[in-house]
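Below is one structure; the comments refer to it alone.
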Amino acid sequence: MRNLFRSRPSEVFFIRGYAKSGTTWLSNLMNLNRQINSMSEFHLRPLFEGAEKISNFPWGILRHEDKSKIMHDSLYRMVKQLISDVCGNAPWCGDKTPCSLRSTFIPGVKNLYITRDGRDAVVSWFYHTMNREIDTRPEMLTKKSRLDENPQYFEENKQELLSFEPLVREFAKRWNTTVTDDFKMMQSSDRGEIDLPYLWIRYEDLQLDTQKYRDEAYRFLGASPSKAAPLNWCTQAGFGDNDHNKPDQFFRRGQAGTWQEYFTSAQLNWFMEEAGEAMQLVGAL
1 MRNLFRSRPS EVFFIRGYAK SGTTWLSNLM NLNRQINSMS EFHLRPLFEG
51 AEKISNFPWG ILRHEDKSKI MHDSLYRMVK QLISDVCGNA PWCGDKTPCS
101 LRSTFIPGVK NLYITRDGRD AVVSWFYHTM NREIDTRPEM LTKKSRLDEN
151 PQYFEENKQE LLSFEPLVRE FAKRWNTTVT DDFKMMQSSD RGEIDLPYLW
201 IRYEDLQLDT QKYRDEAYRF LGASPSKAAP LNWCTQAGFG DNDHNKPDQF
251 FRRGQAGTWQ EYFTSAQLNW FMEEAGEAMQ LVGAL
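In C-alpha cells form, the structure reads like this:
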C-alpha cells in the first residue's frame, strides 16, 4: 500500500556547454523556479569513460553487445539515482557541468545546451585561469602577478590580456572540437538516430531577453514558469549592471560582444585559425 502514496521520482536533466559559456548563469536561472534544483558540478564523465573501457576489454564478459547494454543501462540508472539523491526532493534535478553532450549522454535525459561566442569565452577563460591559477606556465603566472597587484591592470591594458598565443590557440582548438561534436550530437537527434532531447540556447539571445529564454527552458523541462521568482542580481544580464566589471571575481562582467575591446588583429587570427568551424555553427559570424 505504501507504494501507492510515493511521490513522483525526480526527473533528471543536464545543463551542458563549454567552460565560460554561461552554464552557471543558466543554472542560476533554473534555480529561480522552486520546482527545480540545478546543482554544480557532478563531473561524471569518468564513469562513462570507464564503462567504455570495460566494454572494450577483449577478455571481459561485458565486451559482448548484449552484456555491454546491460552495463550501460545500469550505469544510466545509477547516475540518475545519484543526481536525484544528492539533489533532494525537487521534481526536476539538474547537473550543471561544463562538458560535451556526448561525454555524459543518457538516452532520454533532457539537456539544456548553451553556446557563447568563443571570443567572449576565451576572454573570460583568461581571467578565470588567472584568478584560479589554473595555467601555471611562466607567461600566465606573470599575468596573474599583474592581476594580483592591480585587479584593473588588464582593463587598463586590454590588448595585453590575450598576448599568450599558445593558450589562445589551445582554448580555441578545444572549444572548436567540443562545439562541433556537440552539433553533431544535436544533428543526430534531429535525424532521429539518438534519443537526445535538447534545447539550444545562445548566450547572446539570453542576454537580449533573459526572461523569455528562461521561461522557454522551464517549459522544455516541463516546469511551470509561474513557479519562478523574479530575476535577481546574479541572473540578470550583466548581473543587472551594464558597468559591472570585477576582473578578480567569478561573476566578472557577463556581457556579450566585449571581446572586441581585447583582441588585436593578430590575436583574432590565432583564434579564428583554430575555431572557424564552430564560430559558424554558433552563429557568431
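36 is the number that full-length UniProt numbering gives to position 36 of the sequence shown; each next residue is one higher, with no gaps.
For every residue, glycine included, the Cβ atom is placed at its ideal position computed from N, Cα and C.
Just so you know, these numbers come straight off a predicted model, no measurement behind them.
Quick check on DSSP: helix, strand or coil for residue i?
i    : result
R16  : strand
T115 : strand
S265 : helix
R202 : strand
S100 : coil
D73  : helix
N157 : coil
G222 : coil
S124 : helix
A284 : coil
C234 : coil
W92  : strand
A228 : strand
I134 : coil
R61  : Reading the sequence as shown, one finds Ile at residue 61 and not Arg. Helix, per DSSP.
I36  : strand
G108 : coil
L162 : coil
Tell me which residues share the same chain as residue i and place their Cβ nearer than 8 Å to its Cβ, disregarding the 5 neighbours each side in the sequence.
i           : result
D205        : Y213
G60         : I54
M186        : L101, Y113, L196, Y198, W200
R2          : With a pLDDT of 42 at R2, under the threshold of 50, the predicted position of this residue should be treated as unreliable, and no value is reported.
R169        : W270, F271, E273, E274
residue 312 : Residue 312 cannot be examined here, being either before or after the span of the chain that is shown, 1 to 285.
T210        : L29, L231, T235, Q236, A237
Please work out which residues of its chain come closer than 7 Å, Cβ to Cβ, to residue i, disregarding the five sequence neighbours upstream and downstream, and give them in chain order.
i    : result
D195 : P107, G108
A90  : S10, Q35, I36, N37
H72  : A51
L62  : I54, S55, S68, M71
T180 : E277, A278, L281
A121 : Y18, K20, S21, W175
D135 : T129, L167
G88  : N37
E133 : K144
D182 : S100, L101, Y113
Among the residues of its own chain, which have a CB less than 6 Å from the CB of residue i, if the five just before and after it don't count?
i    : result
A172 : F271, E274, A275
T264 : Q159
V123 : W259, Y262
T178 : Y18, S100
S188 : I194
L161 : F126, F154, Y262
A266 : none
D190 : none
Between the options, which has its C-alpha nearest residue i's C-alpha?
i    : options                : result
N232 : M30, S38, I83          : M30
N28  : C234, Q260, G283, L281 : C234
E261 : S189, R219, R119       : R119
G283 : S74, D85, R116         : R116
V86  : Y218, N111, M39        : M39
C99  : R16, E165, A266, R169  : R16
P225 : L32, K20, Y18          : L32
R45  : K20, K96, W25, M140    : K96
F48  : G257, I134, V79        : V79
Q236 : V12, T24, F13          : T24
L75  : G94, C93, T104, E65    : T104
H43  : H64, F57, G94, E65     : G94
G222 : K110, H64, I83         : K110
L208 : F164, Q255, A229       : Q255
M140 : E41, E165, L268        : E165
In the DSSP assignment, the alpha helix (DSSP H) including residue i goes from what residue to what residue?
i    : result
S27  : 23-30
S189 : 165-190
I54  : 45-55
How far does the beta strand (DSSP E) with residue i in it reach, from first residue to last?
i    : result
S145 : Looking at the DSSP string, S145 is not in any beta strand (DSSP E); the run it does join, the alpha helix (DSSP H), is 138-149.
S10  : Where S10 is concerned, there is no enclosing beta strand (DSSP E), given that its DSSP letter is neither H nor E.
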